[in-house]
Structure formats: structure tokens, C-alpha cells
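Numbering (our numbering), first residue to last: -17 to 117.
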């Protein structure tokens, strides 16, 4: 985890208006909006590196309701598209969504097939290393 955080911090691209990291209270508000608990490992990710901008993928953020990556908005769109309600999207990629399950596992939901594919990652940290940092 620490190694992935370090890699993400090094890869972080400068942007005109940098994102802010959330605090615990903001995550509680997001959970209340979603009516779903955010898995611990995903909370860790949001609290430590959700301000990183890197590569072609844009993972969800939780501090700016006006952002196109704002988690409640991305989740509403994902669930409207057919993503199962128990999955929390962490990143939209075209019609597909990378989502975190209740146990912290990350899965890929295919928009074309409207199913959860066989692809999965042990945690958001494995996904960040294997998918996001490679984008």
C-alpha cells in the first residue's frame, strides 16, 4: 500500500486547480448520500490519494460536488446503467466501471455486456498499481 501511495504521489500531474483530500466527516456524508458503507480499504484510498491526477483514467473524488468525478454522481450514473447497487464505482472507463465490492475487492463491470467480468483485483491498491498507474 505504502509503495503504491508513493508511486501515485510521484506520478501526480500538476493541474490548475488541485483537488483536496477529504476528511472522515466528508466520507460519512458521502455514505449517507449513497445509502451504502464504503469499505475500509476504499476509505483509506480516498483519504490518502484521491487528490492524485494521473494518466488517462479519472478515479472518483469526494470533495467537489461540481466535479464530473464526484462519487455520488458517478455512482448514480453507474447504477442507472445497470451496475449492481451493492457495488461502488471507483472509476468510469468509457461504458465500463471499475467497482469496489463490500469486502474491498475491485471488479470490472462491462457496460457492453452489462455484467461483472472475470477481471478482479484484491484491493483498490492492487487496482491502482495494475490499472491506474499503467493508464
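Think of the CB as a built atom: it goes at the ideal place given N, C-alpha and C, for glycine as much as any other residue.
Quick caveat, the model's predicted, so the values are computed rather than measured.
In chain order, 39 place their CB closer than 8 angstroms to the CB of residue 75, counting only its own chain and leaving out the 5 sequence neighbours on each side. Membership of residue 99 in the beta strand (DSSP E) is indicated by the continuous run 97 to 103. Proximity to residue 62 across 47, 49, 48 and 78 peaks at 78, based on C-alpha coordinates. DSSP places residue 89 in no alpha helix (DSSP H) but in the uninterrupted beta strand (DSSP E) bounded by 88 to 92. In this structure, residue 70 lies away from residue 80, with their beta-carbon atoms at least 8 angstroms apart. Closest in C-alpha terms to residue 88, from the list -12, 55, 20 and 0, comes 20.
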